[in-house]
Amino acid sequence: MSFIFKPLTFRVRGWLRRALLTLPCFLLAFTASMQVFSLPLERGLLANPKSLHPHYFGGSPNAQVLKDVFEGLMVQNKNGEPVPGVASDVERAPDGTRYTFIIRKNLKWSDGSALTAEDFARSFRALADPERRATYRWYLKVAKIKGAEQALNGDLDALAVKAYDDKVIIELDQPTPYFLDLMTFPSFLPVHKSNLKGDTSTIPVTNGPFKIRQVIPETRIELSSNPHYFRHLDTDLQRVNYQIIPSVHRQIEQFENHVLDVTAQLPALHIQELKKKHPVSVFEDQVLATASLMVSPKVTVLHNLKARQALSMAIDRNALVKKIYPHSHTTPACSFVPPHTRGFNPDPANCKRLLDNPDRREQAIKLLAESGIKGSDIKLTVLSSPRYDSLDILPEICHQINSTLGTSLSSKSEEWGSYLEHISKGDYELAWFEWLADYNDATAFLIPLTESQFFGPFRDPAYLRELSLAASKKTTVARLPNYQNAEAILARELPLIPVLHPSRITLVNPDIGGFYASNPEGWVQSWHLYRILD
0 MSFIFKPLTF RVRGWLRRAL LTLPCFLLAF TASMQVFSLP LERGLLANPK SLHPHYFGGS
60 PNAQVLKDVF EGLMVQNKNG EPVPGVASDV ERAPDGTRYT FIIRKNLKWS DGSALTAEDF
120 ARSFRALADP ERRATYRWYL KVAKIKGAEQ ALNGDLDALA VKAYDDKVII ELDQPTPYFL
180 DLMTFPSFLP VHKSNLKGDT STIPVTNGPF KIRQVIPETR IELSSNPHYF RHLDTDLQRV
240 NYQIIPSVHR QIEQFENHVL DVTAQLPALH IQELKKKHPV SVFEDQVLAT ASLMVSPKVT
300 VLHNLKARQA LSMAIDRNAL VKKIYPHSHT TPACSFVPPH TRGFNPDPAN CKRLLDNPDR
360 REQAIKLLAE SGIKGSDIKL TVLSSPRYDS LDILPEICHQ INSTLGTSLS SKSEEWGSYL
420 EHISKGDYEL AWFEWLADYN DATAFLIPLT ESQFFGPFRD PAYLRELSLA ASKKTTVARL
480 PNYQNAEAIL ARELPLIPVL HPSRITLVNP DIGGFYASNP EGWVQSWHLY RILD
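Below, the structure written as structure tokens:
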């Protein structure tokens, strides 16, 4: 040590002496900072994910985690718009029926193996495979991918998704304006070849900013940074824990106790009170979603169209919003497609009939009389889940209908997995269900009604014809009349009863930066977030 310090001048030694005196304080502060940096980001989920496999996920709790650990050909920016993800560039044919995705070089999976264009082609074929029964396999038809129908029936080679060197080339039956938006949907994420066979409940190999460290069922999902991820991230977060807390009020409590940094998206209940308590922590999203009463095709009394129409007319949607969601961006629904969906406007006449009609209550009573069914003969239970605001909203809906029509409606709540199982089997009478758009287009609401097991499906010939006509048109303006015609059919036939377009709130620790409420689908990926140090 004497050799090192001997050549230094007195001035330098004075500086060094002061530095050495302050070194313990610096090291203490540095150590504290490193401890803060190493803290996991604690996020909330309202339900236990059904699966962490892109082909078998179900619902938004799954999607939020999948968007942290996988990356597709396209990803969403903070405004929910599609931008290149694993693809470095996208080339669109002039006629809009062919897309070429250029895959970035030297990509790797989280296990260090190479990620190639063929992984995407293989994953698309596996999604179509009827023997694997992927949850959203029908989205291949929504995307208008050529050969989708044949592939879904077993001819996987017919699917026009091919890999050539570093390119993935996808051919479409017709121009599909929302195609790139749809490529951000989790079902189109790449799946490692080791996860295409065997137990789909195993922790998958991933390719996104984070990888899955551990899954403790019903408790939490632990993520850690993926050292093989190609992108440099502007975050110091190395770990993310998703805590599964299936209670809105418990999530708020855990946030206030500093157990959660970021809650799940919660119903916009008591928003004014929360803003007073946490003025910089409340973020509200006007998401692309509709909360509806789904009508079971198995219940005889609900086969009567007039009876369904009477139930819809008996709901005072404006009063619901004012009573349950004051001071929020939640709005009453007069259409299944939300009015803030890109390129869509609801039918003014139907909105006036449901939302601005002084004779609405009397018309509901008249419709029930015309049905030939007595109100006292309608005894139904509305199924819901704690992740929805059912304990607040459903008693009020049941009260409105019962007091107007003399019916006996009640509600019950089941945990998310059991709820989804009942819905998928049609094992319910009425169900409170929220549909969140998978991309920003009216078809994200209108097409799933015809395909998803959650909706029956609804295959009215006139409705299908309007969707087909809309698909044949090239511009949003040209398609709007067909979308409105389809909505008019829904309003008349009522396979479901739209009630609200909910907003969502998220509570965010003020020490967490980078959060945003600009994505209309509500997603916020963890790699955008960081800890703020004083």
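All the letters of the sequence shown, read from the start, carry residue numbers 0 to 533 under numbering that gives the first Met the number 0. Positions of the beta carbon are idealized from the N, C-alpha and C atoms, including for glycine. Predicted model, so just to flag it, every value in this text is computed and none were measured.
Contact under 9 Å by Cβ, Y324 with L179: If you number the sequence shown from 1, residue 324 lands on position 325. If you number the sequence shown from 1, residue 179 lands on position 180. Taking 9 Å as the Cβ cut-off, Y324 and L179 do not qualify as a contacting pair.
Exposure of K275, with buried meaning 16 or more beta-carbon neighbours within 10 Å: Within the sequence shown, the letter at position 276 stands for residue 275. Burial call: exposed.
Three-way DSSP call (helix, strand, coil) for W434 in this model: For the purposes of this step, residue 434 is taken as residue 435 along the sequence shown, with counting starting at 1. In this structure, DSSP gives W434 an extended state, which the three-state scheme calls strand.
Segment limits, beta strand (DSSP E) that includes K378: As a first step, residue 378 is located in the sequence shown; it is residue number 379 there, counting from the start. Here the beta strand (DSSP E) through K378 covers K378 to S383.
Simplified DSSP assignment, three categories, for M73: In the sequence shown, residue 73 corresponds to position 74, counting from 1. Strand.
C-beta contact flag for V523 and F444 at 9 Å: Locating residue 523 in the sequence shown gives position 524, where the first residue counts as 1. Locating residue 444 in the sequence shown gives position 445, where the first residue counts as 1. Cβ distance not < 9 Å, so V523 and F444 don't count as in contact.
Assigned exposure category for A516 - 16 Cβ within 10 Å defines buried: Along the sequence shown, one-based indexing puts residue 516 at 517. By the 10 Å Cβ count, A516 comes out buried.
For L158, the three-state DSSP class (helix, strand or coil): For this step, residue 158 is matched to residue 159 along the sequence shown. Of the three classes helix, strand and coil, the one that applies to L158 here is coil, per DSSP.
Alpha-carbon spacing of K196 relative to S186, whole angstroms: One-based indexing of the sequence shown puts residue 196 at position 197. One-based indexing of the sequence shown puts residue 186 at position 187. So the two alpha carbons sit approximately 16 Å from each other.
Exposed unless 16 or more other CB atoms sit within 10 angstroms - verdict on K424: The residue you call residue 424 lines up with position 425 of the sequence shown. With fewer than 16 other Cβ atoms within 10 Å, it is exposed.
Pairwise C-alpha distance: D315 and S525: Position 526 of the sequence shown, counting from 1, holds the residue named residue 525. Position 316 of the sequence shown, counting from 1, holds the residue named residue 315. Approximately 39 Å between the Cα atoms of the pair.
Coil, strand or helix - P189 by DSSP: In the sequence shown, counting from the first residue as 1, residue 189 sits at position 190. DSSP places P189 in coil when its eight states are reduced to three.
Three-state secondary structure (DSSP) of L171: On the sequence shown, position 172 is the one that residue 171 refers to. Strand.
First through last residue of the beta strand (DSSP E) which encompasses I215: By one-based count along the sequence shown, residue 215 stands at place 216. F209 to I215 is the extent of the beta strand (DSSP E) around I215.
8 Å contact criterion, which L310 and I400 should meet: CB distance rounded: By one-based count along the sequence shown, residue 310 stands at place 311. By one-based count along the sequence shown, residue 400 stands at place 401. Rounded to whole angstroms, the Cβ separation of L310 and I400 is 6 Å, and the two are in contact under 8 Å.
Alpha carbon of S109 to alpha carbon of I496, nearest angstrom: Translated into the one-based positions of the sequence shown, residue 109 becomes position 110. Translated into the one-based positions of the sequence shown, residue 496 becomes position 497. Cα to Cα, the separation comes out at about 44 Å.
Within-9 Å CB hit, K210 to chain D: The structure shown contains no chain D; it is built from a single protein chain.
Buried versus exposed, by CB contacts within 10 Å (16 or more), P447: Here the question's residue 447 lines up with position 448 in the sequence shown. The residue is buried, with at least 16 neighbouring Cβ atoms inside 10 Å.
Counted within 10 angstroms of its Cβ, other Cβ atoms place S122 as buried (16 or more) or exposed: As a working note, residue 122 is residue 123 in the sequence shown. Counting Cβ neighbours within 10 Å, S122 comes out buried, since at least 16 surround it.
The stretch 167–182 touching the stretch 132–145, judged by at least three CB pairs closer than 8 Å: yes
N439 versus G521 - alpha carbon distance: Your numbering for residue 439 matches position 440 in the sequence shown. Your numbering for residue 521 matches position 522 in the sequence shown. Going by the C-alpha atoms only, they are around 12 Å apart.
Endpoints, alpha helix (DSSP H) assigned at V204: Translated into positions along the sequence shown, residue 204 becomes position 205. It is not in any alpha helix (DSSP H) - V204 carries neither H nor E in the DSSP assignment.
Cβ-based neighbour list, K411, same chain, cut-off 8 Å, excluding 5 preceding and 5 following: The sequence position of residue 411 within the sequence shown is 412, counting from 1. Here K411 has T380, V381, L382 and S383 as same chain residues with Cβ atoms under 8 Å from its own Cβ, once five neighbours each way along the sequence are excluded.
N240 classed as buried or exposed, judged by whether at least 16 other C-beta atoms fall within 10 angstroms: The residue you call residue 240 lines up with position 241 of the sequence shown. Buried, because 16 or more other Cβ atoms sit within 10 Å of the Cβ of N240.
Contact check, H227 vs N206, beta carbons under 9 Å: As a first step, residue 227 is located in the sequence shown; it is residue number 228 there, counting from the start. As a first step, residue 206 is located in the sequence shown; it is residue number 207 there, counting from the start. Yes.
G43 beta carbon less than 9 Å from that of I244: Within the sequence shown, the letter at position 245 stands for residue 244. Within the sequence shown, the letter at position 44 stands for residue 43. Yes, the Cβ-Cβ distance between I244 and G43 is below 9 Å.
CA nearest to the CA of A125, picked from P174, V85 and S193: As a first step, residue 125 must be located in the sequence shown, where it is residue number 126. Of the listed residues, the one whose Cα sits closest to A125 is S193.
Closest by C-alpha distance to V279, when choosing among R131, Q285, V261 and A162: The residue labelled residue 279 in the question sits at position 280 within the sequence shown. When only C-alpha atoms are compared, the closest one is V261.
Coarse secondary structure for T474, derived from DSSP in three states: Looking up residue 474 in the sequence shown gives position 475. Three-state result, T474: coil.
Span separating the alpha-carbon of A537 from that of P81: This structure does not reach residue 537, given that the chain is present from 0 up to 533, and the question cannot be answered.
Cβ contact (3+ pairs, closer than 8 Å) linking the stretch 326–346 and the stretch 278–292: yes
In DSSP terms, what F100 is bridged to: Locating residue 100 in the sequence shown gives position 101, where the first residue counts as 1. F100 is bridged by DSSP to V89 and V167.
Exposed unless 16 or more other CB atoms sit within 10 angstroms - verdict on N61: Stepping through the sequence shown from its first residue, residue 61 is reached at position 62. Counting Cβ neighbours within 10 Å, N61 comes out buried, since at least 16 surround it.
Nonlocal neighbours in the same chain, by C-beta distance under 6 Å from Q264, ignoring five residues either side: To locate residue 264, count along the sequence shown from 1; it is residue 265. Cβ within range, chain order: R503, T505 and G521.
DSSP-derived helix/strand/coil call for E413: Residue mapping note: residue 413 aligns to position 414 of the sequence shown, counting from 1. Correct three-state label for E413: coil.
Cβ-based burial, K66 [other Cβ within 10 Å; buried from 16]: Locating residue 66 in the sequence shown gives position 67, where the first residue counts as 1. Buried, since its Cβ has 16 or more Cβ neighbours within 10 Å.
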